[in-house]
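A.B. asks:
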DNA sequence: AAAGTATATAAGCATATACTTATATACTTA
DNA sequence: TAAGTATATAAGTATATGCTTATATACTTT
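Residue numbers (the working numbering), protein chains in the order written: chain E, 304 to 419; chain L, 304 to 419.
1. Between the region 310-326 of chain L and chain E, which residues of the former have CB atoms less than 9 angstroms from a CB of the latter, in chain order?
2. With residue 339 of chain E and residue 403 of chain L assumed to form a contact (beta carbons below 8 angstroms), what rounded beta-carbon distance in angstroms separates them?
3. Rounded to a whole number of angstroms, what is the C-alpha to C-alpha distance between residue 335 of chain L and residue 386 of chain L?
4. Where residue 358 of chain L and residue 377 of chain L are concerned, what is the direct C-alpha to C-alpha distance, given to the nearest angstrom?
5. Does residue 376 of chain E get closer than 7 angstroms to chain L when you measure Cβ to Cβ?
6. Over what stretch of residues does the beta strand (DSSP E) that includes residue 345 of chain E continue unbroken?
7. Which residues in chain L sit within 7 angstroms of residue 332 of chain E, going by Cβ to Cβ distance?
8. Rank E:367, E:392, E:316 by C-alpha distance to the C-alpha of residue 384 of chain E and give the top, closest one.
9. So with CB distances below 7 angstroms, who are the chain E contacts of residue 353 of chain L?
10. Spell out whether any CB of chain L is found under 7 angstroms from the CB atom of residue 369 of chain E.
11. Can you name the residues of chain E whose CB is closer than 7 angstroms to the CB of residue 328 of chain L?
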């Protein structure tokens with residue numbers, strides 16, 4: 304059972320809020336789609352700024368937000384810092400989000416049953 | 304295959320952005336947890352303002368955001384307007400979000416294989 | 001050491017968000 | 001019809017966000 308008013312619920316909700324905020328931006332979503340699809344495995348600040356047609360600092364800031372939310376990890380390779388998915392954290396994020404939807408659906412189904 | 308630069312991708316990404324933005328707020332997340340968990344099936348503006356300890360207009364604005372993102376639907380019942388999950392839309396939202404994570408994971412696994 | 005390249009940070013600006021109080025609207029009911 | 005109740009909207013304010021330009025930092029390479 305979800306305990307909405309507990310301290311731990313508030314904390315984990317604030318964590319989920321940070322992840323959702325990080326995802327809730329068109330440029331960052333498009334970047335994530337790029338990384339999730341076939342066409343690129345990792346991306347650098349310079350590459351992102353070119354791909355999205357934004358300045359280098361804007362790209363740096365977007366990638367920082369995604370890194371801080373544990374969606375991406377940064378790894379220096381040669382002259383570049385490449386950002387790619389933080390798999391372990393992404394699994395946690397997905398579980399949390401999926402749990403939310405699953406609870407919502409089971410509630411919806413329960414209500415539909417009761418209405419009959 | 305994801306086509307990142309197509310018009311339809313941009314449009315559906317903007318729709319997903321709206322949903323994620325609507326979810327990316329502690330008060331709204333806590334409300335959704337409440338609706339998804341056992342303790343309440345539907346909520347009115349007045350109930351939300353009391354539960355969250357916010358003013359009536361603040362509650363009204365939060366519920367409007369969730370309704371506009373097709374997360375909740377409003378239905379007048381007696382003296383109250385009750386908000387509850389919009390099941391059909393929620394299914395669409397979940398599919399989109401799940402697809403994103405599934406793509407990300409398959410990419411992660413593929414990269415792990417290549418590194419071996 | 002100097003110049004070049006990649007990234008990060010600082011500062012500023014316009015817009016968005018989350019709240020507030022005040023007020024309007026829509027119903028009910030005394 | 002007047003008062004009460006539930007909700008929505010308007011207007012204002014403080015803070016957050018997303019961008020910009022300018023500058024700093026960290027490496028490389030001549």
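Glycine included, C-beta positions come from ideal geometry on N, C-alpha and C.
C.D. replies: On the basis of the coordinates in this document:
1. Within the region 310-326 of chain L, the residues whose Cβ lies closer than 9 angstroms to some Cβ of chain E are 312, 313, 316, 317, 319, 320, 321, 322, 323, 324, 325, 326, listed in chain order.
2. Yes, they are in contact, since the Cβ atoms of residue 339 of chain E and residue 403 of chain L sit about 6 angstroms apart, within 8 angstroms.
3. For residue 335 of chain L and residue 386 of chain L, the distance between alpha carbons rounds to 11 angstroms.
4. Between residue 358 of chain L and residue 377 of chain L, the C-alpha separation is close to 19 angstroms.
5. False, the Cβ-Cβ gap to chain L never drops below 7 angstroms.
6. Note, residue 345 of chain E: premise wrong, no beta strand (DSSP E); not H, not E.
7. Those are 316, 319, 320, listed as they occur along chain L.
8. Checking every option, the nearest Cα to that of residue 384 of chain E belongs to E:367.
9. What residue 353 of chain L touches in chain E: nothing, since even the nearest Cβ is about 13 angstroms away.
10. No, no contact with chain L.
11. Simply 320.
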